[in-house]
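Residue numbers (this note's numbering): 1240 to 1537. Written below as structure tokens is the structure these notes are about.
If you want it as structure tokens, here you go:
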């Protein structure tokens, strides 16, 4: 059996990071022809379509014996953490490019801890505060580097701000769903959150003044492989690998290996998108990932 293979869980966790990183590259390519709102809507419709039969295969009930309040919390988590946040993420990715977005994405861990401190009363250790400082310094060094930038100053600052908001929104969605996740199947939780995302994305799409142009971009042959590839890899395949990694190894080890996704994004951006990689950006990504590790595990 595969699960008896040494380090099977660790392998799945590394594959999670690699697949997600590759999905980010595909999302960046999709963003060249598809708007952030339309891209987010498409990926979630595809994800729901895939998760429904997945729940049936695993014998998971669509209606779990939990209070109505838990359903509402998960729907709200999906609205914030997927519907709004992923749209912001795609916008920031378009503005910054994948390599810079990999640095900004490291703000996710301190965002989780900051919101936990505010709403759950958690406290940060000195080492965790050092980690936050490393991440913030990495992001600020990127924002203040005016030399050899391939994007304008306005887009750079706007992209960082939107990306930071996306990380805060993602963290908020995770904190909202955590109590329910501890008591229910993760695949079911994911499906309900995806439905919650559609509750805000579908109306937003229908009332958008450019909905016809966005619809045309979704059905255009150009970029279709990026659209389907990114949505499948990022929203479905990476999640299934993540669940496997969590199941077959220690959660702390799996989470640490998942953190390497930002490094893979950085590498893939240089190799596949030909984004300019400077020494300052290399130092920034190393600082940011190191900071994320400190915040998460100390």
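Built from N, CA and C at the ideal position, the CB exists for glycine as well.
Reference residue i; option with closest CA among the options
{"i": "residue 1411", "options": "1270, 1355, 1265", "result": "1355"}
{"i": "residue 1286", "options": "1468, 1517, 1532", "result": "1468"}
{"i": "residue 1527", "options": "1399, 1376, 1382", "result": "1376"}
{"i": "residue 1403", "options": "1350, 1426, 1525, 1296", "result": "1350"}
{"i": "residue 1258", "options": "1481, 1382, 1443, 1270", "result": "1481"}
{"i": "residue 1295", "options": "1271, 1439, 1457, 1424", "result": "1424"}
C-beta atoms of residue i and residue j nearer than 8 Å
{"i": "residue 1337", "j": "residue 1264", "result": "yes"}
{"i": "residue 1358", "j": "residue 1414", "result": "yes"}
{"i": "residue 1432", "j": "residue 1320", "result": "yes"}
{"i": "residue 1533", "j": "residue 1373", "result": "yes"}
{"i": "residue 1584", "j": "residue 1371", "result": "Lying outside 1240 to 1537, the shown extent of the chain, residue 1584 is not represented and no answer is given."}
{"i": "residue 1346", "j": "residue 1416", "result": "no"}
{"i": "residue 1268", "j": "residue 1474", "result": "no"}
{"i": "residue 1312", "j": "residue 1419", "result": "yes"}
{"i": "residue 1380", "j": "residue 1523", "result": "yes"}
Counted within 10 angstroms of its Cβ, other Cβ atoms place residue i as buried (16 or more) or exposed
{"i": "residue 1364", "result": "exposed"}
{"i": "residue 1360", "result": "exposed"}
{"i": "residue 1461", "result": "exposed"}
{"i": "residue 1515", "result": "exposed"}
{"i": "residue 1396", "result": "exposed"}
{"i": "residue 1326", "result": "buried"}
{"i": "residue 1393", "result": "exposed"}
{"i": "residue 1387", "result": "Here residue 1387 scores only 48 on pLDDT, less than 50, and its place in the model should not be relied on; the value that follows carries that caveat. Per the 10 Å Cβ criterion, exposed."}
{"i": "residue 1301", "result": "exposed"}
{"i": "residue 1308", "result": "exposed"}
{"i": "residue 1477", "result": "buried"}
{"i": "residue 1445", "result": "exposed"}
{"i": "residue 1521", "result": "exposed"}
{"i": "residue 1510", "result": "exposed"}
{"i": "residue 1513", "result": "exposed"}
{"i": "residue 1324", "result": "buried"}
{"i": "residue 1458", "result": "exposed"}
Anticipated Cβ contact below 8 Å, residue i with residue j, distance rounded
{"i": "residue 1435", "j": "residue 1317", "result": "3 Å"}
{"i": "residue 1484", "j": "residue 1255", "result": "6 Å"}
{"i": "residue 1525", "j": "residue 1253", "result": "With 8 Å as the limit, residue 1525 and residue 1253 do not qualify as a contact, their Cβ atoms being about 18 Å apart."}
Stretch pair the region 1499-1506 + the region 1336-1348: three plus CB contacts closer than 8 Å: A contact exists between the region 1499-1506 and the region 1336-1348.
Per the contact definition of three or more C-beta pairs closer than 8 Å, is the region 1450-1458 in contact with the region 1258-1277? Cβ pair count under 8 Å is three or more, so yes.
Any 3 or more C-beta pairs closer than 8 Å across the region 1244-1261 and the region 1480-1490: Cβ pair count under 8 Å is three or more, so yes.
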